[in-house]
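Here's the structure we're looking at; comments come further down.
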Amino acid sequence: MVSHGSHPFHAPRAHGFVRVAAATPVVHVADPAANAEEHAALIRQAGVAGVDLLVFPELSLSAYAIDDLLMQAALLEEVERRIAELAEVADEAGVIAVIGAPIRNGDALFNCAVVLGGGEVLGVVPKTYLPNYREYYEKRWFAPAASRSEDAVVLNGESVDFAPGLIFEASNRPGFVFAVEICEDFWAPQPPSTRAALAGARILCNLSASNIVIGKADERALLCASQSSRTLSAYVFAASGWGESTTDLAWDGQATIHELGAKLAEGERFALESHLTVADVDVDRIGLDRLRNGTFADCARLEGEAATVVPFEAGPGPGDALIRPLDRFPFVPDDAARLDQDCFEAFNIQVQGLMRRMTATGSKTLVIGVSGGLDSTQALLVACRAFDRLKLPRTGILAFTMPGFATSDGTKSNAWALMTALGVTGAEIDIRPAAEQMLRDIGHAFADGQPVHDITFENVQAGLRTDYLFRLANQNHGFVLGTGDLSELALGWCTYGVGDHMSHYNVNGGVAKTLIQHLIRWVAEGGLVGEAARPTLQAILATEISPELVPAGADGAIQSTQSIVGPYALNDFFLFYISRFGMKPSKVAYLAHQAWGDATTGSWPVGLPEGERVAYDLATIKAWLRKFLIRFFQTSQFKRSAVPNGPKVVTGGSLSPRGDWRAPSDSSARVWLDELDAHTPD
2 MVSHGSHPFH
12 APRAHGFVRV
22 AAATPVVHVA
32 DPAANAEEHA
42 ALIRQAGVAG
52 VDLLVFPELS
62 LSAYAIDDLL
72 MQAALLEEVE
82 RRIAELAEVA
92 DEAGVIAVIG
102 APIRNGDALF
112 NCAVVLGGGE
122 VLGVVPKTYL
132 PNYREYYEKR
142 WFAPAASRSE
152 DAVVLNGESV
162 DFAPGLIFEA
172 SNRPGFVFAV
182 EICEDFWAPQ
192 PPSTRAALAG
202 ARILCNLSAS
212 NIVIGKADER
222 ALLCASQSSR
232 TLSAYVFAAS
242 GWGESTTDLA
252 WDGQATIHEL
262 GAKLAEGERF
272 ALESHLTVAD
282 VDVDRIGLDR
292 LRNGTFADCA
302 RLEGEAATVV
312 PFEAGPGPGD
322 ALIRPLDRFP
332 FVPDDAARLD
342 QDCFEAFNIQ
352 VQGLMRRMTA
362 TGSKTLVIGV
372 SGGLDSTQAL
382 LVACRAFDRL
392 KLPRTGILAF
402 TMPGFATSDG
412 TKSNAWALMT
422 ALGVTGAEID
432 IRPAAEQMLR
442 DIGHAFADGQ
452 PVHDITFENV
462 QAGLRTDYLF
472 RLANQNHGFV
482 LGTGDLSELA
492 LGWCTYGVGD
502 HMSHYNVNGG
512 VAKTLIQHLI
522 RWVAEGGLVG
532 EAARPTLQAI
542 LATEISPELV
552 PAGADGAIQS
562 TQSIVGPYAL
572 NDFFLFYISR
582 FGMKPSKVAY
592 LAHQAWGDAT
602 TGSWPVGLPE
612 GERVAYDLAT
622 IKAWLRKFLI
632 RFFQTSQFKR
642 SAVPNGPKVV
652 TGGSLSPRGD
662 WRAPSDSSAR
672 VWLDELDAHT
682 PD
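In terms of the numbering used here, the sequence shown opens at residue 2 and continues consecutively.
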């Protein structure tokens, strides 16, 4: 990750991040003093690491598998004494620590999570559901939370809240709200953490002493992921490890941190030393996700219950580099297996969308413009696969290359090679004579021999191409297949109306530019449309992205799209976080700087060329983000308000007014620009 300066912008806490950790201490059986030493060391280590919230395993102070020793008064009193010591240690470290302990309340013993902060016990959460089957017999020693006679317990001479479902909320860190459940609780059909999330908790903690058998680690990870996804929360899971009694069971010390279904961190299992598993949780993002999720809000109203809120003051939190996985390409996973799965799903979504439109219209022909660029190539591949699955001859795909004033020999030859290799009906229409006539008709300077290559010059070409395609579709009883992608829609990088903006159906409108190159590579390597096209597809992937509407300059440099609108890698990053979550521009700039500030760190998607593995400094990111904000919020919405039909492909990625994104066409970008400038250093 990149290094940080002193400006508040560079601190994760300034952007709504809370650093959490799952502790895996070495266990000392029935020895609270030794266990307290392990706890204290990990709490201090967490403090140095800037951890805000630290979660220990179930019954971590006494050890879990000690059976009837849990009923010994000497052990219980020692546990309570050590709690007082650890409260002071946590205060000195500036950490909120959640430890596991057997706690007496009235004449009953409870399996509890004890929350420490500010030098005191903030609250005690008893276990709701006690397992009493297979290897667990907790009801022999413990009472369930529902049987408590008091909602308070005295620890360290102070009376504190004692109840399941307590909500702990930081008074000085918005969104830092957490709740606790214990092991078996989240195996229940309705875990206590569900009610806690509906009551406002954004971080859910599980203190566990779940033993390990073959396959159980996957089950626990699945539960953590699904609970964080269903409750729109972060889930911190800490299980007992080395040192716990193995009289009849074994322990692996599994520790995981999930957020909105995605795994942020996973600790070493079967480790022999105490350790922490740390990640930065984005509580701001969780809040934004809940804000736009009407189902969550409805469920909170219908199923939510009043909860006791325990306020606390959080420590300074993380001031160093962000600790969490962060994809440079939000639409393109770094993991090879996940990328393969995403490409499989994306391609088949496109193919089936087109197949359904063809069967609904009874069409046997398609008309498509093929430029030799990425987008038209992907749309043509989709068309070929759709025709194959519908058992239609590919000759029904009428593909046209339409060279203009700036079409290069390379892209034109690639277009022809591709059409030939795929076995579609290829043809060429030179649009230059018609363009020259139109330019003369409107009195444009280019018609008089002047080298004026303005927007009119460009759009005359783009418009003519689309006009030809529509008339060809009429003539051949088919429809026009669009090629423009999601990234171009976000930027407004298309010619409105009779231009590349319009078609009868667009399979690429829900696919980001950064994903399209991987889709083409995936199709080529999988041989899904035949082997003959593979060399041409590889050549197209290596071609500079260009609209080829303005002739090359004196230096031979062709018109470069990314030099005008910015790198698609950054634009897709901006688009994901702004349209999917509604994040503030300053936070998007922060995340982009974390992801792109250092090319030598982090992972890159498989197959990405070395030349594209670059870094961007904060000034560059901010400059392109400003341009993105103007294009996205102020100048391009009218184009998105009139897009053709096409399938949604990526999560939160549809810009159709019938889908995920609806906005006025005459909005100002001022509020976003002002926020970016006010909170992002130059």
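Glycine included, C-beta positions come from ideal geometry on N, C-alpha and C. This one's a predicted model, so the numbers in the text were calculated from it and none came from an experiment.
Practice prompt. Compare the Cα-Cα distances from residue 325 to each of 640, 630, 21 and report the closest residue.
Written response: Within the sequence shown, the letter at position 324 stands for residue 325. Closest option to residue 325, judged by alpha-carbon separation, among 640, 630, 21: 21.
Practice prompt. Mind the definition here: the stretch 443–450 touches the stretch 419–434 only if three or more C-beta pairs lie below 8 Å; say whether that holds.
Written response: The answer is no - the stretch 419–434 does not touch the stretch 443–450, with fewer than three Cβ pairs under 8 Å.
Worksheet item: Using DSSP with H/G/I as helix, E/B as strand and the rest coil, what is residue 177?
Response: Along the sequence shown, one-based indexing puts residue 177 at 176. Coil at residue 177, not helix or strand.
Worksheet item: How many angstroms separate the CA atom of residue 395 from the CA atom of residue 376?
Response: In the sequence shown, the residue the question calls residue 395 occupies position 394. In the sequence shown, the residue the question calls residue 376 occupies position 375. Whole-angstrom Cα-Cα distance: 19 Å.
Worksheet item: Given a threshold of 16 other Cβ atoms within 10 Å of its Cβ, counted over all protein chains shown, does residue 223 qualify as buried or as exposed?
Response: The residue labelled residue 223 in the question sits at position 222 within the sequence shown. So residue 223 ends up on the exposed side.
Worksheet entry | Cα-Cα separation, residue 234 to residue 194 | What you label residue 234 is simply residue 233 of the sequence shown in a count that begins at 1. What you label residue 194 is simply residue 193 of the sequence shown in a count that begins at 1. Their backbone Cα atoms lie some 10 Å apart in a straight line.
Worksheet item: What residue does the alpha helix (DSSP H) around residue 212 start on, and which one ends it?
Response: Locating residue 212 in the sequence shown gives position 211, where the first residue counts as 1. In this chain, residue 212 is not harboured by any alpha helix (DSSP H), its DSSP state being neither H nor E.
Worksheet item: Excluding five sequence neighbours on each side, which residues of the same chain lie with their C-beta closer than 8 Å to the C-beta of residue 189?
Response: For the purposes of this step, residue 189 is taken as the residue at position 188 of the sequence shown. If the five residues before and after residue 189 are omitted, its C-beta is found closer than 8 Å to the C-beta atoms of 129, 130, all from its own chain and listed in chain order.
Worksheet entry | From 488, 508, 461, residue whose alpha carbon lies closest to that of residue 496 | Walking along the sequence shown from the start, residue 496 turns up at place 495. Closest option to residue 496, Cα to Cα, is 461.
Discussion item. What would DSSP say about residue 206, mapped onto helix, strand or coil?
Written reply: In the sequence shown, counting from the first residue as 1, residue 206 sits at position 205. If DSSP states are grouped into helix, strand and coil, residue 206 belongs with the strands.
Item to complete: My understanding is that residue 549 touches residue 402, with C-beta atoms under 8 Å, so please give their C-beta distance in whole angstroms.
Response: As a position in the sequence shown, residue 549 is number 548, starting the count at 1. As a position in the sequence shown, residue 402 is number 401, starting the count at 1. Incorrect: roughly 11 Å between the Cβ atoms, too far for contact.
Discussion item. Just to confirm before moving on: does the CB-CB distance between residue 315 and residue 97 stay below 8 Å?
Written reply: Along the sequence shown, one-based indexing puts residue 315 at 314. Along the sequence shown, one-based indexing puts residue 97 at 96. Result yes, Cβ atoms of residue 315 and residue 97 sit closer than 8 Å.
Worksheet item: Using a Cβ-Cβ cut-off of 6 Å (strictly less than) and excluding sequence neighbours within five positions of residue 617, which residues of its own chain qualify?
Response: Along the sequence shown, read from residue 1 onward, the residue named residue 617 stands at position 616. Counting only Cβ-Cβ distances below 6 Å, and skipping sequence neighbours, we find 597.
Worksheet item: Does the separation of the CB atoms of residue 208 and residue 178 fall below 8 Å?
Response: Numbered from 1 along the sequence shown, position 207 holds the residue referred to as residue 208. Numbered from 1 along the sequence shown, position 177 holds the residue referred to as residue 178. Annotated as distal: residue 208 and residue 178, with beta-carbon spacing of 8 Å or more.
Discussion item. Can you look up residue 495 in the DSSP assignment and give me helix, strand or coil?
Written reply: Position 494 of the sequence shown, counted from the start, is the residue given in the question as residue 495. Here residue 495 sits in coil by DSSP.
Worksheet entry | Per DSSP, the bridge partner or partners of residue 160 | Mapped onto the sequence shown, residue 160 falls at position 159. According to the DSSP secondary-structure assignment, residue 160 is paired through a beta bridge with 155.
Fill in: residue 363 burial status per 10 Å Cβ neighbour count (16 or more: buried)
As a working note, residue 363 is residue 362 in the sequence shown. Classification for residue 363: exposed.
Worksheet item: Where does residue 127 sit, in a helix, a strand or coil, going by DSSP?
Response: Taking the sequence shown and counting its residues from 1, one reaches residue 127 at position 126. DSSP places residue 127 in strand when its eight states are reduced to three.
Fill in: 8 Å Cβ cutoff met for residue 687 and residue 89
With the chain covering 2 to 683 only, the question about residue 687 has no answer from this structure.
Worksheet item: Any heavy atom of the ligand MN closer than 7 Å to the CB of residue 314?
Response: No copy of the ligand MN appears in this structure; indeed no ligand is present at all.
Worksheet item: DSSP on residue 199, reduced to helix/strand/coil?
Response: Position 198 of the sequence shown, counted from the first residue, corresponds to residue 199. DSSP places residue 199 in the helix class (H, G or I) of the three-state scheme.
Discussion item. Using CA atoms only, rank isn't needed, just tell me which of 479, 293, 481, 505 is closest to residue 583.
Written reply: Counting from 1 along the sequence shown, the entry for residue 583 is found at position 582. A check of alpha carbon separations from residue 583 across 479, 293, 481, 505 identifies 293 as the nearest.
Worksheet item: Can you tell me where the beta strand (DSSP E) with residue 112 in it begins and where it stops?
Response: Here residue 112 refers to the residue found at position 111 when the sequence shown is read from its first residue. Unbroken beta strand (DSSP E) run through residue 112: 109–118.
Worksheet entry | Through-space distance from residue 535 to residue 528, alpha-carbon basis | The residue labelled residue 528 in the question sits at position 527 within the sequence shown. The residue labelled residue 535 in the question sits at position 534 within the sequence shown. Pairing residue 528 with residue 535, the inter-Cα distance amounts to about 8 Å.
Item to complete: Could you tell me the distance, in whole angstroms, from the CA atom of residue 120 to the CA atom of residue 45?
Response: As a position in the sequence shown, residue 120 is number 119, starting the count at 1. As a position in the sequence shown, residue 45 is number 44, starting the count at 1. Their backbone Cα atoms lie some 14 Å apart in a straight line.
Discussion item. Can you tell me whether residue 105 is helix, strand or coil according to DSSP?
Written reply: Here residue 105 corresponds to residue number 104 of the sequence shown, with the count starting at 1. Three-state DSSP puts residue 105 in a strand.
Worksheet item: Under the three-state reduction of DSSP, which class applies to residue 435: helix, strand or coil?
Response: The residue given as residue 435 occupies position 434 in the sequence shown. Here residue 435 sits in helix by DSSP.
Item to complete: Enumerate in chain order the residues of its own chain whose CB-to-CB distance from residue 198 is below 6 Å, with the five nearest sequence positions on each side excluded.
Response: On the sequence shown, residue 198 is found 197 positions in, with the first residue counted as 1. Within the same chain, residue 198 has close Cβ partners 232, 234.
Worksheet item: Between the C-alpha atoms of residue 351 and residue 100, what's the straight-line distance to the nearest angstrom?
Response: Reading the sequence shown from its first residue, position 350 is the one you call residue 351. Reading the sequence shown from its first residue, position 99 is the one you call residue 100. Approximately 50 Å, taken between the alpha carbons.
Item to complete: Could you tell me whether the Cβ atoms of residue 115 and residue 162 are closer together than 8 Å?
Response: On the sequence shown, residue 115 is found 114 positions in, with the first residue counted as 1. On the sequence shown, residue 162 is found 161 positions in, with the first residue counted as 1. Cβ atoms of residue 115 and residue 162: not closer than 8 Å.
Discussion item. Within 10 Å of its beta-carbon, does residue 49 have 16 or more other beta-carbons around it, so buried, or fewer, so exposed?
Written reply: Position 48 of the sequence shown, counting from 1, holds the residue named residue 49. Residue 49 sits exposed, since fewer than 16 C-beta atoms from the chains shown fall within 10 Å of its C-beta.
Practice prompt. Entirely within the stretch 444–489 and at least 4 residues each: give me those alpha helix (DSSP H) ranges in chain order.
Written response: Those alpha helix (DSSP H) runs which fall completely within the stretch 444–489 and span 4+ residues are 456–476.
Discussion item. Less than 8 Å between C-beta atoms, sequence neighbours within five positions excluded: which residues of the same chain meet that for residue 692?
Written reply: Any answer about residue 692 is impossible in this case: the structure gives the chain only from 2 up to 683.
Practice prompt. Just tell me which of 238, 214, 240, 219 has its CA closest to the CA of residue 249.
Written response: Taking the first residue of the sequence shown as 1, we reach residue 249 at position 248. The shortest Cα separation from residue 249 among 238, 214, 240, 219 belongs to 214.
Worksheet item: Taking one C-beta from the stretch 510–519 and one from the stretch 645–664 each time, how about it: are there three or more such pairs within less than 8 Å?
Response: In the pairwise beta carbon analysis, the stretch 510–519 is classified as touching the stretch 645–664: at least three pairs are separated by under 8 Å.
Worksheet item: Using DSSP with H/G/I as helix, E/B as strand and the rest coil, what is residue 55?
Response: In the sequence shown, the residue the question calls residue 55 occupies position 54. Secondary structure at residue 55: strand, using DSSP grouped into helix, strand and coil.
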